[in-house]
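Going by UniProt numbering, the letters in the sequence shown line up with residues 1 to 280, in that order. First comes the structure, then the notes that go with it.
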Amino acid sequence: MRILKGAIRLSRYKEVLGTVFVLSFFGVLLAQHNTEVLNYQLIPIIILANLGATTFAFMINDVEDAEDDARDPKKAKRNPISAGLLSHFEGTTISMLMFIVSLILFALLGELVFLVGASMLIIGFLYSWRRIRLKGLPFIDMISHGYFLGGAALLVSYLAFAQLSIEILLAFLGVFLVSLGGDMFNEIRDYESDKKAKLKNTVSVLGLKPSIFLRYFFTVVGLGLLGFTILSIFSLLNIPAVIVGIVLTVLLSLYTIFISKESILDYDNIMFYNPLLAIV
């Protein structure tokens with residue numbers, strides 16, 4: 001029971017589910033625009049593979065950061081290894097099992113998808129692994145984050161059905177930039193604790209003010225590209241559903257900002273409004 005509870009906390013499923021579902025279905029939607037027939041039986045495999053790979057990235061991050069998180073009371077409570085719920089060995093074992101399961105699922109989706117999925121898993125591992133720790137390398141940290149926690153999941157869901165196209169490249173760049181904005185938010189939020197841990201990342205090199213500007217710049221440009229991509233396939237969309245989705249998203253965003261007092265770009269709370277974006 002202890003290990004099960006620890007594994008659930010280690011998965012950080014609340015931060016993963018919404019994003020994975022939106023990216024997976026968005027990729028399928030784009031593929032539908034560029035192919036005649038879709039094998040809908042592949043969709044559950046796509047979602048599970050993306051879910052497993054993204055969960056693995058969060059898991060191995062907490063495993064490798066357990067020592068640093070123990071210095072911060074808030075992070076120590078959230079991280080099940082720092083909190084003593086799981087040992088480092090148990091956390092590593094659970095993470096690697098997730099890695100293997102995800103890799104097998106990617107293999108079921110074809111060679112190209114397997115390569116993208118494998119790269120997603122490997123970069124997710126190297127991002128946190130202390131011997132390399134890509135997140136401690138300025139600028140490389142953002143590029144790797146934009147890929148394995150954003151763009152790669154979209155590519156997987158698209159390439160399972162269709163060949164590369166202008167739409168998927170624009171959408172990939174949009175998701176990549178939004179993920180970059182998310183990474184910069186995390187680095188800005190963790191600036192002081194990362195400084196104590198002597199972690200050298202993009203924000204520590206650029207400074208807080210330029211980083212805050214870039215965070216919004218990347219996010220706005222990324223959302224703009226995604227909006228343009230959606231408009232390019234607008235004939236596939238149900239206009240009333242789009243309007244309802246926009247209204248609900250705006251209302252929930254206002255709630256997030258003014259009632260719950262959270263930032264709309266707080267990626268710890270993305271599960272509250274991200275699923276609504278699937279309507280759009």
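A virtual CB, placed ideally from N, CA and C, is assigned to each residue, including glycine.
Proximity to residue i [Cα-Cα], best of the options
{"i": "residue 316", "options": "Leu108, Ala160, Val175 and Ser165", "result": "Limits of the chain in this structure are 1 at one end and 280 at the other, which puts residue 316 out of reach."}
{"i": "residue 283", "options": "Ser211, Asn201 and Val221", "result": "For residue 283 there is no data in the structure shown, the boundaries of the chain being 1 and 280."}
{"i": "Lys14", "options": "Gln41, Ala118, Thr54 and Leu4", "result": "Thr54"}
{"i": "Phe25", "options": "Thr93, Gly6, Arg12 and Asn50", "result": "Asn50"}
{"i": "Ser157", "options": "Phe139, Leu112, Val63 and Ile140", "result": "Leu112"}
{"i": "Ser11", "options": "Thr35, Ala66 and Pro80", "result": "Pro80"}
{"i": "Phe172", "options": "Leu121, Thr93, Gly18 and Val221", "result": "Val221"}
{"i": "Gly182", "options": "Met1, Ile166, Gly151 and Leu30", "result": "Gly151"}
{"i": "Asp194", "options": "Phe213, Lys75, Gly84 and Ile233", "result": "Lys75"}
{"i": "Leu155", "options": "Gly84, Lys77, Ile3 and Leu29", "result": "Leu29"}
{"i": "Leu4", "options": "Gly18, Asp72, Phe21 and Ser87", "result": "Ser87"}
{"i": "Phe21", "options": "Pro73, Ser204, Leu177 and Ala153", "result": "Ala153"}
{"i": "Tyr191", "options": "Val178, Leu177 and Ile212", "result": "Ile212"}
{"i": "Ser95", "options": "Leu121, Asp72, Arg71 and Pro73", "result": "Leu121"}
Whole-angstrom C-beta distance between residue j and residue i, which should lie under 8 angstroms
{"i": "Ile188", "j": "Leu206", "result": "Not confirmed; about 10 angstroms, so no contact."}
{"i": "Ala57", "j": "Gly117", "result": "About 12 angstroms; that fails the 8 angstroms criterion."}
{"i": "Ala197", "j": "Thr35", "result": "Rounded, the Cβ-Cβ distance is 47 angstroms, inconsistent with contact."}
{"i": "Tyr127", "j": "Phe148", "result": "7 angstroms"}
{"i": "Glu167", "j": "Ser232", "result": "6 angstroms"}
Contacts around residue i, its chain only, beta-carbon distance under 6 angstroms, and the 5 residues preceding and following it disregarded
{"i": "Leu226", "result": "Gly174"}
{"i": "Leu180", "result": "Met142, Gly146 and Phe218"}
{"i": "Ile47", "result": "Ser24"}
{"i": "Ala107", "result": "Phe114"}
{"i": "Leu170", "result": "Leu225 and Thr229"}
{"i": "Asp69", "result": "Lys75, Ala76, Asn79 and Ser82"}
{"i": "Phe139", "result": "Thr202"}
Distance cut-off 7 angstroms: residue i Cβ against heavy atoms of the ligand MG
{"i": "Val101", "result": "As far as ligands go, the structure on display features none, and thus does not contain the ligand MG."}
Chain-order list of residues whose beta-carbon lies under 7 angstroms from that of residue i (same chain, five-residue window excluded)
{"i": "Leu42", "result": "Leu109 and Ala160"}
{"i": "Gly52", "result": "Met98, Val101, Ser102 and Leu105"}
{"i": "Leu199", "result": "Gly136"}
Close-in-space but distant-in-sequence residues of the same chain around residue i (CB under 8 angstroms, 5 per side omitted)
{"i": "residue 344", "result": "No information on residue 344 is available, as it lies outside the stretch 1 to 280 that the chain covers here."}
{"i": "Trp129", "result": "Ile60 and Glu64"}
{"i": "Ala38", "result": "It is worth fixing the name first, because residue 38 is Leu in this sequence and not Ala. For Leu38, where only same-chain residues beyond five positions count, the Cβ hits under 8 angstroms are Val28, Ala31, Gln32 and Phe161."}
Beta carbon proximity, residue i to chain B, threshold 8 angstroms
{"i": "Ile47", "result": "No chain B appears in the structure shown, which is made up of a single protein chain."}
Segments of 4+ residues assigned as alpha helix (DSSP H) that fall wholly inside the region 137 to 180
DSSP assignment within the region 137 to 180 yields the following whole alpha helix (DSSP H) runs of 4 residues or more, N-terminal first: 140 to 146 and 152 to 159.
Scan the region 34 to 112 and note each continuous alpha helix (DSSP H) run of 4 residues or more that stays entirely inside, going in chain order.
Within the region 34 to 112, the complete alpha helix (DSSP H) runs of at least 4 residues are 42 to 69, 73 to 78 and 88 to 107.
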